[in-house]
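Taking the working numbering, the leading residue of the sequence shown gets 212, the next gets one more, and so forth.
A virtual CB, placed ideally from N, CA and C, is assigned to each residue, including glycine.
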Amino acid sequence: AFNPTRGLDVGAIEFVHKYLVQQRNKGRAILLVSFELDEIMGLSDRINVIFDGKINGEMPGKDADQYKLGLMMAGGKA
Numbered sequence: 212a213f214n215p216t217r218g219l220d221v222g223a224i225e226f227v228h229k230y231l232v233q234q235r236n237k238g239r240a241i242l243l244v245s246f247e248l249d250e251i252m253g254l255s256d257r258i259n260v261i262f263d264g265k266i267n268g269e270m271p272g273k274d275a276d277q278y279k280l281g282l283m284m285a286g287g288k289a
């Protein structure tokens, strides 16, 4: 899903988030691409950050914070 909640109201965002979690809980893989870091951190089991066309870092969603993700998004290593 690419920016699945962009432009949606709060109720619709909650619906989309619940749907994604339900699908994950059924064992389905979800590829979530979003500019919303809170959304990424809240929904992801594993986060990969791409910088300059390459995967620059990976971490479990439970270990992620805005500082670490921002550092990787800028080309650094967390």
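For Lys288, no beta strand (DSSP E) encloses it, and the DSSP letter there is neither H nor E. For Asn214, the three-state secondary structure derived from DSSP is coil. For Glu269, the enclosing beta strand (DSSP E) covers residues 265 to 271. Approximately 17 Å separates the beta-carbon atoms of Leu243 and Gln277; this is outside 8 Å, ruling out the contact.
Remark: three or more beta-carbon pairs, one from each stretch, lie closer than 8 Å, so the segment 268 to 277 and the segment 245 to 259 are flagged as touching.
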